[in-house]
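In the working numbering, the protein residues as written are 433 to 738.
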């Protein structure tokens, strides 16, 4: 698996070797492995950075999986949105599990973007009926765009609605993807699938708006004191990527006192019923096992072209 020299891959090279259609099944396997205790992965360690110009976070995410070994270092600076640069940046380091030799160092920003949406697509495929027709996206940034791409691969939506805290951003995003910009309540009411992908620290989605039997992919609010969903929304059937991670990092889970029904990997492996006919919430925080699985797809594809 290893060679003498590690590969160095920038974002454009990563993009050339990573396809969403391949990533979704890879994420399903990664989540099943994680929830089957086949992965060694501590909860992400996070350092808060307070400097004169901004507040940010540095997260370190190592994992040993059945297929690989590696680490992601990711930064999250919400104020970067105002600077016109990505709020999330990352680097992934892959290592040969047999020798500890470096295999690759690659840009992880795009992998973070794509694997998050691919995991939501896996959740959507499992937790919604094939007749889901209306998609609501709350948010208009990188994750909103990536979710639009990924979710289309698992369901055929006839109507797409978007809302963003900044109206002009919502309208621009809606125009790009052929959707309709509207208020958050209008977007959510009657929607079969909802995505919350915002930098909000307070709820943007109210449970009273949710159509019975709908599904929510909640991918923002990655800190223990941040929320995207209110208590009523969190009173539905709650899936998480990692129980341990959610109880440490998810304000939506911690502050609502929500009962976690299952990890998504448990339901993907049919260890628990999916309860897809009920209103479901998937609270996604992101796992190192997902990054390693995605990075391995890139690495193998890049190696094959050498």
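C-beta: ideal position from N, C-alpha, C; glycine also.
Pull up the DSSP beta-bridge partners for residue i, would you.
i, result
"residue 534", "527"
"residue 671", "694 and 714"
"residue 595", "570"
"residue 441", "538"
"residue 520", "508"
"residue 656", "Per DSSP, none; premise fails for residue 656."
"residue 649", "627 and 714"
"residue 613", "594"
"residue 480", "489"
"residue 637", "661"
Cα separation between residue i and residue j?
i, j, result
"residue 564", "residue 626", "11 Å"
"residue 586", "residue 593", "18 Å"
"residue 467", "residue 695", "7 Å"
"residue 616", "residue 552", "20 Å"
"residue 613", "residue 584", "18 Å"
"residue 580", "residue 737", "30 Å"
"residue 602", "residue 711", "26 Å"
"residue 567", "residue 475", "31 Å"
"residue 433", "residue 495", "Residue confidence is low: residue 433 scores 47 on pLDDT, short of 50, so the model does not pin down where it sits. Its coordinate-derived value is still stated next. Between residue 433 and residue 495, the C-alpha separation is close to 18 Å."
"residue 537", "residue 717", "23 Å"
"residue 704", "residue 514", "43 Å"
"residue 547", "residue 456", "8 Å"
"residue 637", "residue 441", "38 Å"
"residue 669", "residue 709", "10 Å"
"residue 533", "residue 722", "21 Å"
"residue 544", "residue 640", "31 Å"
"residue 643", "residue 667", "14 Å"
"residue 479", "residue 486", "14 Å"
"residue 676", "residue 690", "14 Å"
"residue 605", "residue 611", "8 Å"
"residue 530", "residue 609", "45 Å"
"residue 481", "residue 512", "14 Å"
"residue 484", "residue 622", "44 Å"
"residue 598", "residue 490", "27 Å"
Output yes or no for whether 7 Å exceeds the beta carbon distance between residue i and residue j.
i, j, result
"residue 725", "residue 458", "yes"
"residue 651", "residue 449", "no"
"residue 578", "residue 554", "no"
"residue 720", "residue 464", "no"
"residue 446", "residue 539", "yes"
"residue 542", "residue 535", "no"
"residue 648", "residue 713", "yes"
"residue 727", "residue 439", "no"
"residue 646", "residue 624", "yes"
"residue 559", "residue 706", "yes"
"residue 715", "residue 665", "no"
"residue 632", "residue 596", "no"
In terms of residue numbering, what span does the beta strand (DSSP E) encompassing residue i cover?
i, result
"residue 504", "501-508"
"residue 493", "486-496"
"residue 665", "Here residue 665 belongs to no beta strand (DSSP E); instead the alpha helix (DSSP H) covers 663-666."
7 Å is my cut-off, CB to CB: does residue i come that close to chain D?
i, result
"residue 573", "Protein chain content of the structure displayed is limited to a single chain, and chain D is not contained in it."
The alpha helix (DSSP H) with residue i in it runs from where to where?
i, result
"residue 733", "720-736"
"residue 454", "452-467"
"residue 475", "Careful: residue 475 lies outside any alpha helix (DSSP H) and carries neither H nor E."
"residue 620", "616-620"
"residue 683", "683-688"
Would you check if there are 3 or more beta carbon pairs closer than 8 Å linking the stretch 522-529 to the stretch 497-513?
Remark: three or more beta-carbon pairs, one from each stretch, lie closer than 8 Å, so the stretch 522-529 and the stretch 497-513 are flagged as touching.
Contact the stretch 653-666 vs the stretch 620-640: 3+ CB pairs below 8 Å:
Touching, yes, given that three or more Cβ pairs across the two stretches are closer than 8 Å.
Should the stretch 657-666 be called in touch with the stretch 677-695, which here means at least 3 C-beta pairs below 8 Å?
Yes, they touch.
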